[in-house]
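Inspection log for the structure reproduced underneath, given as structure tokens.
There are 4 protein chains.
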Amino acid sequence: MNDTYTPRPEDHFTFGLWTVGNRGRDPFGDQVRPALDPADSVRHLAELGAYGVNFHDNDLVPFGASAAERDKIVRNFRRALEETGLKVPMATTNLFYHPVFKEGAFTANDPKVRRYAIAKTLDSIDLGVELGAEIYVLWGGREGVECDAAKDPRAALDRYAEALNVLCEYVRDRNYKLRFALEPKPNEPRGDMFLPTVGHALAFIGHLEHPEMVGLNPEFAHETMSGLSFHHAVAQALWAGKLFHIDLNGQRIGKFDQDFRFGSEGIRDAFYLVKLLEDSKWNGMRHFDAHAYRTEDQAGVWEFARGCMRSYLILREKAQRFYEDEEIMAALREAKASGIKEPTIPAGGGRDSIAGLRSEKFDLDGMASYGYGHERLDQLVLELLLGVR
Amino acid sequence: MNDTYTPRPEDHFTFGLWTVGNRGRDPFGDQVRPALDPADSVRHLAELGAYGVNFHDNDLVPFGASAAERDKIVRNFRRALEETGLKVPMATTNLFYHPVFKEGAFTANDPKVRRYAIAKTLDSIDLGVELGAEIYVLWGGREGVECDAAKDPRAALDRYAEALNVLCEYVRDRNYKLRFALEPKPNEPRGDMFLPTVGHALAFIGHLEHPEMVGLNPEFAHETMSGLSFHHAVAQALWAGKLFHIDLNGQRIGKFDQDFRFGSEGIRDAFYLVKLLEDSKWNGMRHFDAHAYRTEDQAGVWEFARGCMRSYLILREKAQRFYEDEEIMAALREAKASGIKEPTIPAGGGRDSIAGLRSEKFDLDGMASYGYGHERLDQLVLELLLGVR
Amino acid sequence: MNDTYTPRPEDHFTFGLWTVGNRGRDPFGDQVRPALDPADSVRHLAELGAYGVNFHDNDLVPFGASAAERDKIVRNFRRALEETGLKVPMATTNLFYHPVFKEGAFTANDPKVRRYAIAKTLDSIDLGVELGAEIYVLWGGREGVECDAAKDPRAALDRYAEALNVLCEYVRDRNYKLRFALEPKPNEPRGDMFLPTVGHALAFIGHLEHPEMVGLNPEFAHETMSGLSFHHAVAQALWAGKLFHIDLNGQRIGKFDQDFRFGSEGIRDAFYLVKLLEDSKWNGMRHFDAHAYRTEDQAGVWEFARGCMRSYLILREKAQRFYEDEEIMAALREAKASGIKEPTIPAGGGRDSIAGLRSEKFDLDGMASYGYGHERLDQLVLELLLGVR
Amino acid sequence: MNDTYTPRPEDHFTFGLWTVGNRGRDPFGDQVRPALDPADSVRHLAELGAYGVNFHDNDLVPFGASAAERDKIVRNFRRALEETGLKVPMATTNLFYHPVFKEGAFTANDPKVRRYAIAKTLDSIDLGVELGAEIYVLWGGREGVECDAAKDPRAALDRYAEALNVLCEYVRDRNYKLRFALEPKPNEPRGDMFLPTVGHALAFIGHLEHPEMVGLNPEFAHETMSGLSFHHAVAQALWAGKLFHIDLNGQRIGKFDQDFRFGSEGIRDAFYLVKLLEDSKWNGMRHFDAHAYRTEDQAGVWEFARGCMRSYLILREKAQRFYEDEEIMAALREAKASGIKEPTIPAGGGRDSIAGLRSEKFDLDGMASYGYGHERLDQLVLELLLGVR
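Protein chains in written order, with the working numbering: chain A, 1 to 389; chain B, 1001 to 1389; chain C, 2001 to 2389; chain D, 3001 to 3389.
The following block contains the structure:
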């Protein structure tokens, strides 16, 4: 294989323990692969060229483990990190597997469940920080409802915000260098989930006590499930200064949460996403939140991980070549693409300039008949993607 | 028919001129109904019990009309309003029909097109204000893209914000009593549109110069096209103090923009929406942005309008009866529904109360085995909806 | 509660052991309810008024049970059936849970897996017949693919047909009174599944050796996931004489397989479906393939089961009242609804009648301007559904 | 540009007059391009390397044209065909634009409308045959319903079949060498349409009087709108011997009917489709039923047409290279891909072979733990698609 597409730590690729450790259980089928020791995952990922590994508290420390067990596990895990140089850039809490969260976690109707969810998250924050995490992801897997009568969504947002405010307060009090990243999802496992898209989560942040501490962890699969453009969503998060983390994978619109290998579905969106991240010189992690098909044994899992990273690097190279392709550059000029970067009213929106605008003569026929050449431009990009130019 | 469901002006139902005036054209078919005189629409809507009528500039004044024609049309229209008592609570601009906007309006790549879009909107604002509008809706029908290479979405958001800032500046300069309401839509007519959901639009407003002047006009069909819960979206807009207007209609998930009669599709969501609007004592207009099936003649159009209003009133009555139903109230207690309104940490998030939280003992087994009774609650509400309780 | 909506055995409602026995496991969460003894399920369902109970082989007899264990289980189960009078109208095979089927069952690439799948099904057919089943459902939960390169879909259809032919041959050889019902599904757990809709399965049957032995088991959720009209699909199955069984539940378009309580989502489609089944005097089972929300304890499961049946009965009563409603009947005349039942060319399609047709004068303007009154008709049916007429 | 991707007549690419002649009208916008003379379209398409051109009756002869006008138009069109060598392999009828069809055509409730639809189709068949068409496509653009109460779907299928039977009868009587191809579509412009997928249409054909005369015209966009795998659908049509024609374009799941340039969306599905057509040595036309973005002028339309054909040729070359790639071939062996072509029970399904099957010993653990290597295989194909191997 071409060396160009061999991942290196400086590419900042990360995986969750739960991704390579996924055992292939699904709603209709039992697990098909044996459990992976987290330290083994670390060593394999390091060999493959990853930069880091992320986890939910219970990916590392089983639910209900004693303090002694926890410490032993953390020690072993830390040793693997030190041996391999792998980092833990992000951590998160499992607030969805245990039946206690069946009706919600931060937005459960029962205040005791909400308090337990916060307490579990605080413990998990300590664990993450202990291992070096600087980003803490919050996916509200059970924050939602099937029976709409059972929960007032406005009050649920109050409680969601309250939980975030407490977490921020705690991090500030401890002087942790930690920021939070909300991960939106429209549905599954709940019928409808709160903060269903990047937009809803961005809007929510504006109502928190420490909005500067909270950003987004958009996930390709989650935005795509709703048929929304993932790269547009990420662009809006970047535009708002709120892209704190990102979850890369593959997904087809209007399906169950597939979490396929990055690049395996939605090549076009994947390309524009990579181009956007690279164009904007985004300096965060390229995290893969995906898992191998259930048809795979453990060898297939490592092929899956390798494939995620290779696809990113292949698309990154194409994103670079985009700008070196003179026909594409000419087509962009035909499309007046740079015009979107010019202020519409260079003089600003004062009274005189508005008056000037209204007296301006517009050649409507000329403007209406202009052809923007998008078919040619789009085809050129497709051919770049297909590797025939 | 039951008088309870006969609309009255105090119910604040409004229609767009373009809704009852829709001539049944679609992507594959010609128009099937003759043009309606706006003044006739006003008279019919008044007879049916509507409160008001809204319009795009070109619904009332044809594109390219002279000043004299404009004045004559406005005079006739105003006379109909005065005769009937109908109000014009909202106005908007057509920035999508004319070929000049084919590549965008406020986010067109060509700055001249953007300036023209703003100028046309300013003229239209004057017209709306002249007729009494206090809400100005902005639907970015052409703000989007098919060929993603052609437009940087971050720059597009810059231009979108710039346009909004100019419009706000103008309204402030004129001392108009007018607020803006953004209408999100995910796609159609463009492949992907900017501000695709209520969430994305809410988030965008936070970046404007006068965020207090700009809110949302969520549309049932638009949020539903993406498979998102409309009533959750409206709840988040209310929570943010940003529900300025609302567009009611019917739609099935993952389809073309159907704009069916309110209540005709998505009865369950429609019920929770009406309940939410009534519970929150929202005092805005109940606007129907829908049109009659293409199978209808003009008589069918008026049946369509009557049906929209009746369905709202039927659902409103059910929303009231929800609270009078003792079995439903008991099921809400079983679901601990009021618990979501209690603060999670009544003492606030200070250091001591966080420490207290972490030392709290949780009866996980008890919390996990509790049954919330959502099946019974949901069935009771369904039976309320079906009129058998 | 109204006695009209209390189910009785003659209503022919059935449940799968796996439906009331569902323990609330989902892709992100552990089971929340204890295991149910099949005999207990039988007794509870009988109390609730069900007619019968259906099962996958491993719902009743655990995978890998010895012959002695099997016999003991069957004996206990049969005793519960005899005590309660409950029937077993349908049985099916679990060809999806065990890892051996991870790449497919009847369409696995490995011939040994396919042979095992057939052998397991033959054993399961014996079990079903032993307990009285006359319908055998085949849901190809693993018949599909994510990596399209790995399997030729034409060859997969060959193998699928081969498996069906063997099963039919076996049933004929044993003189079992058993017919097969294919259950289509578009995706989940596989990325894409073969025979994804009612249509694809109906078409497939025409290529089997004993097409008369094979029909359909359409499922509300499965057809709805693709955004297709379920009642249209069932109508086509009835039209083809191929509705052998039916799976009723609730589902929203473009989501994971929700299997919600019948009537809880898609009220309108559910109504037209019930009306179709009753209008056509379909004499099969009304089977619920659904499960309780994960928020529920065991009491909630029985409420779920009760709700499924009540909703059917409520809708059945509305379907009867449809024909007694004079305004609806008048609206049907306006819509020329009976015209669809008249032959278009009463004289048949011979040369003369075709010549006559071509010389016929058509009043195109009159035909084009006729209003079909669908808005009024649809609103009347909505009001019937909402119980306000 | 690479000559390999320059289309030639022997590639059998065809376009509809309505595709390159599309004027950019959409539900919210006016047309943006001037009308094209059909003879000019013929000349341009010939220059671009197309094989043929197809049409609806009214694409060529305006609705209501006199016999003399018709003859003149046909004469001019035929001259362009003769000059260029372009063929007319397919023709079809416009049964959707005129208001007379607003409630349906072959399945209209009004028998007069149905008779007119048949008469118009017979005229159009004569026109198609006169110009050499051997395939006649039937897209039921208005065969469906929004108000479900208004039409019994079983009776609608009776009428649909009756219409097909009359058309077949006519073609046989005239000894035309013409076969029919049904084009399924799930919705748009109707709320739900009859024969919504390839499967439903295939099943329907089995109920016609001359099933051998009727096959399918599957369209990429239409099957994809429902989220179904297009190449699986085409595979089933080929398997049934019923792929008579095909409509190629681009579409995203769960959106309005986009009819984008072939290859522009859904690259992966497009690749497997091209591979399937080439693998099966399908000898029909590669027809593009798509249109240029509304941003384009006429030059953009020709780029659109060129792009459709180039993308097919690029994918065709990749489909050939698939078999020359030794790593892919090795991965197919790992996936046991050829196993799907072996009979499951080589001895057939007789009593002895079934008994043998049931006594066979299966190594379930071995079969369950085997890894099929789909992640690696899928990645290799992706890299082939992206042109990096």
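Quick reminder that beta carbons are idealized off the backbone N, C-alpha and C, glycines included.
All of these numbers come straight from a predicted model, not from anything done at the bench.
Quick one: give me the first and last residue of the alpha helix (DSSP H) that Thr1006/B is part of.
It is not in any alpha helix (DSSP H) - Thr1006/B carries neither H nor E in the DSSP assignment.
Taking only beta-carbon positions, decide if Tyr2116/C is within less than 7 Å of chain D.
yes
Would you give the residue range spanned by the beta strand (DSSP E) that Leu1138/B belongs to?
Ile1135 to Trp1139
Under the three-state reduction of DSSP, which class applies to Glu2146/C: helix, strand or coil?
coil
Thinking just about the alpha-carbon of each residue, which of Tyr3005/D, Gly3373/D, Lys3120/D and Phe3322/D is nearest to the one in Phe2362/C?
Lys3120/D
Alpha-carbon to alpha-carbon, Asp3037/D and Pro3009/D:
22 Å
Which of the three DSSP states, helix, strand or coil, is assigned to Asn2094/C?
coil
Starting from Arg1252/B, find everything on chain C with Cβ-Cβ shorter than 9 Å and list it in chain order.
Gly2227 and Ile2253
If I follow the unbroken beta strand (DSSP E) through Glu183/A, where does it start and stop?
Arg179 to Glu183
Would you say the stretch 1269-1277 of chain B touches the stretch 1202-1214 of chain B, given that touching needs at least three Cβ pairs under 8 Å?
no
Three-pair Cβ contact test at 8 Å for the stretch 2115-2130 of chain C versus the stretch 54-62 of chain A
no
Indicate whether at least one CB of chain B lies closer than 7 Å to the CB of Glu334/A.
no
Contacting positions in the stretch 94-126 of chain A - beta carbon closer than 7 Å to chain E
In the displayed structure, chain E is absent; the protein chains listed are A, B, C and D.
Uninterrupted beta strand (DSSP E) stretches inside the stretch 3148-3218 of chain D (no shorter than 3 residues):
3179-3183 and 3214-3216
CB contact check: His3200/D to chain C, cutoff 7 Å:
yes
Just reading off the alpha helix (DSSP H) that Phe3392/D is part of, what are its end residues?
Given that chain D is displayed from residue 3001 to residue 3389, the structure contains no residue 3392/D and the question cannot be resolved.
To test your reading of the DSSP string, which unbroken beta strand (DSSP E) runs of 3 or more residues are found completely within the stretch 1299-1343 of chain B?
none
Output yes or no for whether 7 Å exceeds the beta carbon distance between Met3193/D and Val2100/C.
no
Cβ of Trp3018/D within 7 Å of any chain C Cβ
no
Report the CB separation of Gly3052/D from Thr3014/D in whole angstroms; it is logged as a contact under 8 Å.
4 Å
Select from the stretch 3162-3188 of chain D all residues with a C-beta closer than 7 Å to any C-beta belonging to chain C, and list them in chain order.
Glu3162, Ala3163, Asn3165, Val3166, Glu3169, Tyr3170, Asp3173 and Pro3186
Please report whether the beta-carbon of Trp2239/C lies at a distance below 7 Å from any beta-carbon of chain D.
yes
How is Phe1288/B classed by DSSP in three states: helix, strand or coil?
strand
Return yes when at least one heavy atom of the ligand FAD lies under 6 Å from the C-beta of Asp2289/C, else no.
This structure lacks the ligand FAD; in fact it carries no ligand of any kind.
Specify the secondary structure class of Asn54/A as computed by DSSP and reduced to three states.
strand
Residues of the stretch 282-308 of chain A whose Cβ lies closer than 7 Å to any Cβ of chain D, in chain order
Ala292, Tyr293, Thr295, Glu296, Asp297, Ala299, Gly300, Glu303, Phe304 and Gly307
If you draw a straight line from the C-alpha of Leu357/A to the C-alpha of Tyr1160/B, how long is it?
17 Å
Tell me which same chain residues have a C-beta within less than 7 Å of the C-beta of Arg1294/B, skipping the five on either side of it?
Gly1024, Asp1026, Gly1029 and Val1032
Expressed to the nearest angstrom, what Euclidean distance is found between the alpha-carbon atoms of Gly1339/B and Glu3146/D?
42 Å
Distance between Leu1385/B and Gly1300/B (C-alpha atoms, nearest Å):
26 Å
Nearest residue (CA-CA) to Gly349/A, options Ala1067/B, Leu1164/B, Ala1046/B and Gly1064/B
Leu1164/B
Between Ile328/A and Leu380/A, what straight-line distance do the alpha-carbon atoms span, to the nearest angstrom?
6 Å
Cα separation between Trp282/A and Ala1117/B?
33 Å
In chain order, what residues of the same chain lie with their CB nearer than 6 Å to the CB of Arg1154/B, ignoring the 5 residues before and after it?
none
Within the stretch 1058-1114 of chain B, note down every full alpha helix (DSSP H) run reaching 4 residues or more, in order along the chain.
1067-1084
What is the residue span of the alpha helix (DSSP H) that Gly3366/D lies within?
Leu3364 to Ser3369
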